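In the numbering used here, the protein residues as written are -2 to 274.
Note that beta-carbon positions come from the ideal geometry of N, C-alpha and C, so glycine has one too.
Remember, predicted model here, so these are calculated numbers, not experimental data.
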């Protein structure tokens, strides 16, 4: 009898419902490819908005990406977030229907209003003016995703730039061209600090400025094969100083423009052999 009562009590106890489990909270993964680039007194911090959560699930629960900066020594990425200040934020657009393939290509509706932010997996950027930072110390940046509940995910690896005066802008480049290539030339200068190295980046100084050189060049020339007769090509230089592994660029030089004109003699035509008599 006692055995039957005990078994009955155990069965009844197993059927009781406990308190509801708290909802699962997804945190966005760390933004990828966070890089800070200083040009003159402006620093650009670029990142890729994470498309996944920390547990690998997709799409990410991601409302925005915040960028934090800290001047001086930083012990860790969390240190930049906790002790630093928020430099800026980029809104991330809501993800598509979770039942759809996240990698599917979706048609663009020309009548749809523009989205306020960037999509998951897209490149975002914030800028900071360094004119009010007189210290000659390093400044570190991290980016961190924030979910729809306002909770932060893990920060990105930190990226660091030097403060202090920017290098002077170089003289405008010289530009020459042949039938096949354009050559951008400059006179290299020596570094004022023996511990520093000096190199140069070449920029397209047209209506939309963009960097042409994949890496900083210690000496000329930079060659451009975008030959198009009648087109105008404009170029500018920025000096690149690297000290203790930290790099900064100068302001841009004045630009040099050339209009490509075909003044070259035509290629000789092949001469047919004489016909036999």
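Residue 61 is not a Cβ neighbour of residue 42, given a cutoff of 7 Å. CA-CA distance, residue 116 to residue 143, rounds to 14 Å.
Listed as beta-bridge partners of residue 130 by DSSP are no residues whatsoever. Between the alpha carbons of residue 35 and residue 69 lies a distance of about 16 Å. Counted as a single uninterrupted DSSP element, the beta strand (DSSP E) harbouring residue 181 occupies residues 179 to 182.
Rounded to whole angstroms, residue 124 and residue 153 show a C-alpha spacing of 17 Å.
The way I'd put it, the stretch 244 to 253 does touch the stretch 163 to 174; three or more beta-carbon pairs between them come closer than 8 Å.
Contact between residue 170 and residue 232 holds: their C-beta atoms lie close to 5 Å from each other, under 8 Å. Cβ-Cβ distances below 7 Å link residue 128 to 38 in the same chain, with the five nearest sequence neighbours on each side left out; the list follows chain order. Remark: C-beta atoms of residue 225 and residue 256 do not approach each other more closely than 7 Å. Residue 122 and residue 105 have their alpha carbons spaced roughly 23 Å apart. Between residue 71 and residue 33, the alpha-carbon positions lie close to 16 Å from each other. Contact annotation, residue 177 with residue 222: C-beta distance approximately 7 Å; criterion of less than 8 Å satisfied. Comparing C-alpha distances from residue 63 to each of 52, 78 and 57 shows the shortest one belongs to 78.
Residue 173 holds the alpha-carbon nearest to the alpha-carbon of residue 258 among 237, 74 and 173. The beta carbons of residue 237 and residue 196 sit closer together than 7 Å. With fewer than 16 neighbouring CB atoms inside 10 Å of its own CB, residue 261 falls in the exposed class.
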